[in-house]
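Accompanying notes for the structure given below.
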Amino acid sequence: MGFPRHRPRRLRTTPALRRLVAETTLEPRQLVLPMFVADGIDEPRQISSMPGVVQHTRDSLRRAAADAVAAGVGGLMLFGVPRDADKDPTGSVAVAEDGILNVALRDLASDLGDDTVLMADTCLDEFTDHGHCGIVDASGRVDNDLTNKRYVELAVAQADSGAHVVGPSGMMDGQVAAIRDGLDAAGHTDTVILAYAAKFASGFYGPFREAVGSSLRGDRRTYQQNPGNAREALHEVELDIDEGADIVMVKPAMGYLDVVRAAADLSPVPVAAYQVSGEYSMISAAAANGWIDLQAVALETLTSIRRAGADIVLTYWAADVAGWLA
Ligand code: PBG
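Sequential numbering of the sequence shown, starting at 342, is according to the numbering used here.
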């Protein structure tokens with residue numbers, strides 16, 4: 342019996358060797374922290390389905406954002422949670438200058454300036470009384486082109502409020518082109534568009550719906566994608582690039598790593614992936630039961646998302662990871 346000719350284990354002998362040949366990096370600068378800010382609360386409110394994640398008050402958001410930036414995260418993605426009484430069919434409070442998301446963006450822009458990349462969710466679902474991502478017509482359909490007009494107002498309001506990046510997440514056709522034109526016409530030619538290009542109608546958004554107090558009844562299957570459709574996802578990615586997206590995103594992440602890889606292979610612009618609420622909650626719950634090690638699994642999943650080709654990862658662990666890696 343001869344010796345094995347190939348011994349891949351050789352390169353795993355010491356930590357230094359393993360470090361030398363590591364193919365995939367995971368760095369805090371690659372991670373974006375999604376954060377929630379709620380109107381009308383005095384104390385941060387724990388989101389029960391997302392242990393460790395809260396709806397912030399304006400003040401607690403400022404502190405947590407400053408801490409995350411000091412820890413080295415690459416950016417912040419902000420979601421607004423209005424009072425129920427302020428929701429209406431067209432999500433007016435999303436556009437209002439004194440709406441919670443725009444107010445919080447101004448807070449963070451004045452605290453942090455260009456020390457971080459400030460991003461805003463450019464969508465209506467948190468702000469509409471029916472919970473849909475767009476404007477619903479008399480027959481109950483989400484009106485694509487009318488919604489795009491609203492998205493333009495939303496994006497301009499967010500850019501006016503200090504967002505470096507707008508993140509259209511509503512999956513309307515033509516939303517990126519409409520927003521690009523609208524931003525440019527308003528003088529915001531340098532505002533970046535992070536397009537939720539391939540966003541699937543996923544059960545993994547469940548905990549997020551609690552996080553934003555969503556009013557949705559029904560589902561989003563007339564605008565978000567069928568989880569089985571990979572070719573269509575790449576079509577969506579190509580359309581968004583063609584419409585002027587600066588960054589394209591695939592969402593959720595873990596169940597869609599093949600789509601992340603395919604998008605990374607074709608995209609001339611950076612690719613992001615969103616490790617969504619259900620991914621976070623699932624791992625958190627298993628760890629809380631002592632079934633898996635939270636830190637090990639969180640890092641492994643994020644490394645896998647990077648390995649699949651994501652340049653940027655949105656994750657609720659962004660600040661924790663920055664601490665763990667320090
Ligand atoms: C829409 C939006 C959603 C998420 C991000 N942006 C919810 C949805 O599409 O239903 C989900 C994020 C998560 O689950 O962590 N504004």
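Note that beta-carbon positions come from the ideal geometry of N, C-alpha and C, so glycine has one too. On a predicted model such as this, the values are computed, not experimentally measured, just so you know.
With fewer than 16 other CB atoms across the displayed protein chains lying within 10 angstroms of its CB, PHE344 is exposed. Between the segment 481–498 and the segment 449–465, the count of C-beta pairs closer than 8 Å reaches three or more; the two stretches touch. Considered as a whole, the segment 450–486 harbours 459–463 as its complete beta strand (DSSP E) runs of no fewer than 3 residues, in chain order.
Here ALA594 is near ALA614, since their CB atoms are less than 8 Å apart. GLY440 has its Cβ no nearer than 7 Å to any heavy atom of the ligand PBG. Residue pairing for PHE344: DSSP places it in no beta bridge. Shown here, LYS428 sits in coil according to DSSP, grouped into three states, outside any helix or strand.
Note that the C-beta distance between VAL394 and THR457 is not below 8 Å.
Assignment of VAL434 by DSSP, reduced to helix, strand and coil, places it in the helix class. Comparing alpha-carbon positions, the option among SER608, PRO356, ARG521, ALA406 lying closest to ALA450 turns out to be ALA406. Secondary-structure assignment with DSSP links HIS397 through a beta bridge to VAL378.
Beta bridge pairing from DSSP links PHE541 with GLN566.
Here ARG647 is buried. Its C-beta has 16 or more other C-beta atoms within 10 Å. As a beta-bridge residue in DSSP terms, MET590 pairs with TYR537, ALA613. Using a Cβ distance threshold of 8 Å, HIS397 and ALA379 count as a contacting pair.
Distance from the CA of THR644 to the CA of LEU352, rounded to the nearest whole angstrom, comes to 19 Å. The C-beta of VAL414 has 16 or more other C-beta atoms within 10 Å across all chains shown, which makes the residue buried.
Counting the other Cβ atoms within 10 Å of the Cβ of GLN499 gives 16 or more, which makes it buried.
In this structure, the beta-carbon distance from VAL591 to VAL601 falls below 8 Å.
Straight-line spacing of the CA atoms in GLN636 and ASP661 works out to 9 Å. Taking 8 Å as the cut-off, the Cβ atoms of ALA542 and ARG561 count as close. The criterion of a C-beta distance shorter than 8 Å is satisfied by LEU372 and ALA659.
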